[in-house]
Each structure stands twice: as C-alpha cells, then as structure tokens.
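Numbering (my numbering), first residue to last: 1372 to 1677. All C-beta atoms in this analysis are idealised placements derived from N, C-alpha and C, irrespective of residue type, glycine included. Since the model is a prediction, treat every value here as computed from it, not as a measurement. Working notes for the structure below.
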C-alpha cells in the first residue's frame, strides 16, 4: 500500500517550524526550522489587539511585551509599517520587535487604514490621508495603549522606516506633546519632493499612483510634510539615511535636516553612503541598532519617582 506524507507549519511570534508524519505511523518529525538558532522560550510574546479609531473604524494591530513583569506602565515604541498602501504587519517573528522587547520596551504595530489584508475599502480609506486619518489611527493606537495601562504616557516614542519614517516625524509634528522621541529611517519628509525625485515618479504609473494616494495640491502637500512644519516639533529626533536610496532618495532627509538646522532643532544623524532603502551591511546594521538603542535609553529612561 502506498504511503502518504502529512506536513504542517507552525509559527507564532517565534520562527517557523515544519513537521511531517508518514501515515499510518503518524509520528511527526521535524523537517526544517527557520532561524533554528533562535530559542522560542526566550522570545517576547506578541498578541493581537483591536480598538476603535476616533471615527469608529475598527483598527487591528499587534502588541509585543517584554518577558517578565506584569506588562504594565512600560516604555512604548509605536512602530508603523512601510508601504503604506497594501503592506501590513503580521502575527509573526519580527526581529526589530524582539530586539526592542528584549531591552524592556513594549512595541505596538498598527495596521492603520490603508494597510492590506482588510479589504479594498479599508485600503482605499488611506488614499490622500497621509498625515490625516492614517496618522490619527496611530495617535489613537498610542492613546489606547496608555488607557489600557500597557504604556507609560511619559515614555512614548514612534519609530518607522520608509512610510513609517514619515509617520514617525509627522507624529511629533501633529502631536508635539504625546511622544518623547521619534526615529525616521529611510523616511519620506517632503511630499512635494516625492513628485520630483526617486524611482516612483520616473514612470507614468508611478506619477498616477502618487496623484491617487497623495493628491497634487501644493499647499495641502506642504501642510502634511514634516520638513515644512518642524517648528511644531518638541521631541528628540534621530534620522537614518541610505545614500543610494532610489525609493526614498537622501534628498528627503536632507530637506528635513536643512529645515531642522534653520529652526535650531537638535537631532541625531546617521548617513551611510553605500546603503539604499534600508541598511543591509552587517556593520551598518550593527551601528544603526546600537545608536538606536542608545537614543531610546537616553530619551525613555524611567522617570524620577514623585
């Protein structure tokens, strides 16, 4: 009689493990394990969360809490994903979330309107909402985490890459008293510049895409650009830039830097000339995360007891 093979994959906040069993014996054996050097029992717990935005729209996300303790009154890193239209965060192993949780931070990932996976209407709800309702979703998520007791309202930071970098800086523009710090990594900071520089506006499809998701009114674009509104920023800032980034060229970060310098606003700056849309060389990633963790320690240290 021919035998058959049954295989399954399992993953939570830990690396994926695949097991197979050969019928009729049905005794499973491990076939493969992604990142097998990672010990699941050492991983922080990621849990799905859900809340209502201020306009009543249901928003989903994921909260990663450090191991040990009661999971209350923690320093919180809000970590908006890139894209932003179509991509989303998932319930899966996330190395950045685990890194931050291992240092005692709670990490909140939000599938704000515009994210994929929740239907076309939800995704289209983010069109022309950069800095508006998409940003409100992140603000509402942050305040939800505080209201639920997970986050210390005096120790909040927002960090993201690409669109997430935009959302991080726009967060401290729109809510100057909410976040203690913001980290923008290969981020967009000048929406008008999106039409003039980078690989997106080089083709007709890219230009039409920008018109669909951003709009073209110059006054409106400037109102939603962090680089044009740095006077509102009170938070500490860290900016990381790839010198060969074609998707979000370094001209974006340089426009932000020029505005910050003109306004006399302090910031930390990390530019790697050989990197693109993200740092991929091991030594540059090590420097990025070493400096990022030091920046968080400096700005989210436990407040003095009253």
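Note that the C-beta distance between residue 1597 and residue 1537 is below 8 Å.
Taking 8 Å as the cut-off, the beta carbon of residue 1557 is found no closer than this to the beta carbon of residue 1478.
Following the DSSP letters along the chain, one finds residue 1530 inside the beta strand (DSSP E) bounded by residues 1522 to 1532.
The closest CA to that of residue 1429, considering only 1503, 1459 and 1508, is found on 1508.
A check of alpha carbon separations from residue 1547 across 1564, 1490, 1616 and 1528 identifies 1528 as the nearest.
By the neighbour-count criterion, in which 16 or more other beta carbons inside 10 Å mark a residue as buried, residue 1402 falls on the exposed side. Within the DSSP bridge table, the entry for residue 1416 names 1436 as partners. One alpha carbon belongs to residue 1476, the other to residue 1575, and they sit about 43 Å apart. Listed in chain order, the non-local C-beta contacts of residue 1543 below 6 Å within the same chain comprise 1550, 1553, 1604 and 1606, local neighbours out to five positions each way being set aside. Using a C-beta cut-off of 8 Å, the segment 1620 to 1628 makes contact with the segment 1555 to 1572, since at least three inter-stretch Cβ pairs fall below that distance. Closest in C-alpha terms to residue 1415, from the list 1472, 1616 and 1442, comes 1472. If you check the CB distance, residue 1583 and residue 1461 do not come in under 8 Å. In the DSSP assignment, residue 1640 falls within the beta strand (DSSP E) that extends over 1639 to 1643.
Rounded to whole angstroms, residue 1573 and residue 1525 show a C-alpha spacing of 43 Å.
It is roughly 31 Å from the alpha-carbon of residue 1567 to the alpha-carbon of residue 1488. In the assembly as shown, residue 1643 is a buried residue. Its beta-carbon has 16 or more other beta-carbons within 10 Å. About 3 Å separates the beta carbon of residue 1595 from that of residue 1502, a gap short enough to meet the 8 Å contact definition.
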